[in-house]
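Here is the structure we will look at.
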Amino acid sequence: MSADDPSRDHLRRAVDLLHGGGVVAHATEGVWGLACDPFDADAVGRVLQIKGRDADKGLIVAAGQAEAFATELESLDNDVASRIRESWPGAVTWVVPNVRFPQWITGGGDTVAIRVPGHAQARALADAFGGAIVSTSANRSGNEPAATPQAVADALGEAVDFILPGKIGSSAGPSRIIDALNGRTLR
410 MSADDPSRDH LRRAVDLLHG GGVVAHATEG VWGLACDPFD ADAVGRVLQI
460 KGRDADKGLI VAAGQAEAFA TELESLDNDV ASRIRESWPG AVTWVVPNVR
510 FPQWITGGGD TVAIRVPGHA QARALADAFG GAIVSTSANR SGNEPAATPQ
560 AVADALGEAV DFILPGKIGS SAGPSRIIDA LNGRTLR
């Protein structure tokens, strides 16, 4: 298999770690990311600690298919939900009303940031996990996101349980973030 398509063994190892509360680094469209189970408070706490990130900022959750966010999309106007679906897969994150994610994902707010990446490996990881995963850049807060697996290892060391072999896509930097309710671009 190519570097863009991890072996089944690598993917299985990553998924097993995620189910066990682990933190996995993986390639995305434009940067390396950190993934964990969004419903595991301890795993999310580890991601926040690794990044040195404030819990009140919230985290992005990513899925392999738009259907994984059916509950969130059903809470929106049909035109807005259609616009979101049409943007995926892609490097676009949407902030929508939260209907099911825990406060440690939302930063205590009433919205959640969701996306379906335009990167096959990131989607495959979420699909193999069986639902949404945390998707945040692999870096310490305030530092540039990692662009290579070696940069992840250098910056985060053994704090990450596994670096899933792969390569980032051709997008420049992290995903764009749009508020679904007012259409404003937040990043």
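Those letters in the sequence shown? Residues 410 to 596, by our numbering.
We put the beta carbon where it would ideally sit given N, CA and C, even for glycine.
Computed from a prediction, not measured in an experiment: that's the story for all the values here.
- Taking C-beta atoms as the reference points, Trp513 and Ile587 fail to come closer than 9 Å.
- Taking Ala436 as the centre and dropping the five residues before and after it, the same chain places the C-beta of Gln530, Gly575, Lys576 and Ile577 closer than 6 Å to its C-beta, in chain order.
- By the 16-neighbour rule on beta-carbons within 10 angstroms, Ser416 is exposed.
- Distance from Thr480 to Arg524 at the Cβ level is roughly 15 Å; contact not present, criterion being Cβ atoms closer than 8 Å.
- At the C-beta level, Val440 and Ser550 stay beyond 9 Å of one another.
- Scanning its chain for C-beta atoms nearer than 8 Å, with the 5 sequence neighbours on each side dropped, one finds around Val433 the residues Ala423, Leu426, Leu427, Leu443, Ala444, Cys445, Leu534, Val569, Asp570, Phe571, Ile572 and Leu573, in chain order.
- Within the stretch 423–509, complete beta strand (DSSP E) segments of at least 3 residues are found at 433–436, 441–444, 469–471 and 501–506, given in chain order.
- By the neighbour-count criterion, in which 16 or more other beta carbons inside 10 Å mark a residue as buried, Leu457 falls on the buried side.
- In this structure, DSSP gives Val521 an extended state, which the three-state scheme calls strand.
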